[in-house]
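Contents: one structure, followed by commentary.
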Amino acid sequence: MTAPVTIVGLGTGEPPTADAAAAIDGADLLIGGRRLLDLVADRAPDAERWDLTGRLRELPDTIARAARADRAVVVLASGDPMFYGVGGFLADKLRGRGLAPRILPAPTALSVAAARFGIKWSDAHVVSGHGRPIGDLPGLLRRHGKLAVYTDPTNSPAAIGQRLRQAGIVEGTAWVAEDLGGPDERCRRLPIADLADLTDVHPLNVLFLVTDPEPAATIPFDPDADFERKMPRKGLITKREVRVLSLAMLGVRPGDVCWDIGAGSGAISVDLARCGARAVWAVEKNADACEIIQRNVERFGLDQVHTVHARAPEGLDALPDPDRVFIGGSGGEVEALLEQGIARLRPGGALVFNAATVENLSHALSTLRRLGAPHDAIQVQIARSRPILGRLTRFEALNPVTILRASPPREQP
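Rendered as structure tokens:
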């Protein structure tokens, strides 16, 4: 016989519903974080209490063993367990073990905060920093205009405010709701410009951010001058027209893991992140260029770009397998970089190699043919308008670039 498994959401300072109270009172095994277990300390005195802090991986098997031993299991969660909570994870894992948990939700912290402030949040884009990268927060705010944010110690209101300030977002309003339903509850409204200086915040908090949304391009097209470079005129940067075509050929998707090899100033890394990549690894051999990459990343308010100081292919073994690989600088290692890039690509992945010399193009084509990697190429010859004599215009040509796109070899039937 299998006993019931119930996932109970606890509200912010509100008593459990009748169904939730009955489930808790009938539990043989009560599971939750220490704070949630303390909230029901006066209930189910005979139940075993199991603190899940740092033990999430053990949880599905622990629940399954208890349920099959005819022990009623209750898992405590905050608010709605299926909304950025433990419920979604557990429901999937338990179904795979033949168990169908009952879900009893409570109001989420965000819905309670919105009610306290009297603001509508059905039009808000929800972002969570709980156990996951919070992503391109400035870009999300520019695109959506309203964000509802589950914070954590790393992504605190002040840290988020600092990222917005670095990205040049200072207009708008922030609402911070702290310890909702608790003894230290406090709800504050302040300008986004002041958020970075807000240090006296209770660790339990959620955040709303509102500003005027800005129309966003599907593919970033920032001028080269927007990026810091070692040499202002030229520097180590893929020119913006070539960046756009390279990004289009890469076809980066939200959630992709990307490598940017020979990252230079980090312009491609920034654009990959702004196109929705979950993680971007910017590999660059020059230490001073790595510092510039980091400053450009901070300037755009991104946290999913990781700078790696290494001369590729060294350093690539430690990186996660990529969905997309961009090679903008090869350092004489064309063959080795293509071999490792193609070998490490995940299924459905793509690699783009930019060749500025005939020799690199020749090495790349012969390597891809030897690897059996399907590929195609375009050659780009860009000319930019330049004023002359104050009233005339001429075109100034950039160096031609060949953009190669390759994919993993097709499996033989």
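When we follow the working numbering, the leftmost residue of the sequence shown carries the number 15, and every step to the right adds one.
Ideal Cβ placement from N, Cα and C applies to all residues, glycine included.
Owing to the predicted nature of the structure, the values given are computational and were not obtained by experimental measurement.
Pick helix, strand or coil for residue i, following the three-state DSSP scheme.
| i | result |
| --- | --- |
| residue 114 | coil |
| residue 206 | helix |
| residue 136 | coil |
| residue 216 | coil |
| residue 195 | coil |
| residue 272 | strand |
| residue 305 | helix |
| residue 254 | helix |
| residue 158 | helix |
| residue 153 | helix |
| residue 298 | strand |
| residue 38 | helix |
| residue 284 | helix |
| residue 221 | strand |
| residue 190 | strand |
| residue 333 | coil |
| residue 175 | helix |
| residue 421 | coil |
| residue 340 | strand |
| residue 247 | Because the pLDDT at residue 247 is just 43, under 50, the model does not fix this residue reliably, and the value given afterwards should be weighed accordingly. Looking at residue 247 - three-state DSSP - the assignment turns out to be coil, as it is neither helix nor strand. |
| residue 142 | strand |
| residue 19 | strand |
| residue 412 | coil |
| residue 266 | coil |
| residue 24 | strand |
In whole angstroms, what separates the C-alpha of residue i from that of residue j?
| i | j | result |
| --- | --- | --- |
| residue 36 | residue 187 | 42 Å |
| residue 205 | residue 131 | 15 Å |
| residue 123 | residue 164 | 9 Å |
| residue 149 | residue 183 | 16 Å |
| residue 357 | residue 140 | 36 Å |
| residue 7 | residue 142 | For residue 7 there is no data in the structure shown, the boundaries of the chain being 15 and 427. |
| residue 203 | residue 128 | 12 Å |
| residue 404 | residue 310 | 33 Å |
| residue 420 | residue 214 | 52 Å |
| residue 172 | residue 362 | 39 Å |
| residue 23 | residue 84 | 23 Å |
| residue 296 | residue 222 | 31 Å |
| residue 345 | residue 100 | 46 Å |
| residue 330 | residue 370 | 23 Å |
| residue 52 | residue 263 | 54 Å |
| residue 300 | residue 157 | 34 Å |
| residue 326 | residue 298 | 8 Å |
| residue 247 | residue 253 | Because residue 247 sits at a pLDDT of 43, beneath the cut-off of 50, its placement in the model cannot be relied upon, and the point is left open. |
| residue 189 | residue 226 | 15 Å |
| residue 86 | residue 59 | 14 Å |
| residue 281 | residue 381 | 27 Å |
| residue 69 | residue 98 | 18 Å |
| residue 368 | residue 273 | 14 Å |
| residue 313 | residue 181 | 5 Å |
| residue 159 | residue 377 | 47 Å |
| residue 29 | residue 113 | 28 Å |
Is the shortest distance between the beta-carbon of residue i and the beta-carbons of chain C less than 9 Å?
| i | result |
| --- | --- |
| residue 110 | The chain inventory of the structure shown lacks chain C, comprising one protein chain alone. |
Among the residues of its own chain, which have a CB less than 8 Å from the CB of residue i, if the five just before and after it don't count?
| i | result |
| --- | --- |
| residue 394 | 255, 256, 259, 414, 415, 416, 417 |
| residue 451 | Any question about residue 451 goes unanswered here, given that the chain covers just 15 to 427. |
| residue 27 | 194, 195, 196, 199 |
| residue 96 | 102, 105, 117, 119 |
| residue 154 | 139, 141, 161 |
| residue 217 | 167 |
Who are the Cβ neighbours of residue i in its own chain at under 6 Å, not counting the five residues just before and after it?
| i | result |
| --- | --- |
| residue 199 | 193 |
| residue 337 | 270, 271, 360, 363 |
| residue 57 | 38, 39 |
| residue 169 | 143, 148 |
| residue 266 | 286, 289, 291, 338 |
| residue 304 | 298, 321, 323 |
| residue 428 | Since the first residue of the chain shown is 15 and the last is 427, residue 428 is not available in this structure. |
So is the beta-carbon of residue i under 8 Å away from any non-hydrogen atom of the ligand FAD?
| i | result |
| --- | --- |
| residue 371 | Although the ligand FAD was asked about, the structure shown includes no ligands whatsoever. |
Can you list, in chain order, the residues of its chain with a C-beta nearer than 7 Å to that of residue i? Leave out the 5 residues immediately preceding and following it.
| i | result |
| --- | --- |
| residue 115 | 19, 20, 21, 104, 105, 108 |
| residue 210 | 172, 175, 176, 179 |
| residue 387 | 356, 420, 421, 422, 423 |
| residue 429 | Limits of the chain in this structure are 15 at one end and 427 at the other, which puts residue 429 out of reach. |
Segments of 4+ residues assigned as alpha helix (DSSP H) that fall wholly inside the segment 346-410: 348-358, 372-385
Between the segment 90-101 and the segment 42-51, can you find at least three pairs of beta-carbon atoms closer than 8 Å? With a cut-off of 8 Å on Cβ pairs, the segment 42-51 is in contact with the segment 90-101, counting three or more such pairs.
Contact between the segment 24-40 and the segment 131-150 is defined here as three or more beta-carbon pairs at a separation below 8 Å; is this criterion met? no
Kindly provide the ranges of any beta strand (DSSP E) runs that are 3 or more residues long and lie completely inside the segment 63-122, ordered along the chain. Qualifying beta strand (DSSP E) stretches, in chain order: 87-92, 116-118.
Examine the Cβ distances between the segment 61-79 and the segment 101-112 and report whether three or more of them are shorter than 8 Å. By the Cβ criterion, the segment 61-79 is in contact with the segment 101-112, since at least three pairs of Cβ atoms, one from each stretch, lie closer than 8 Å.
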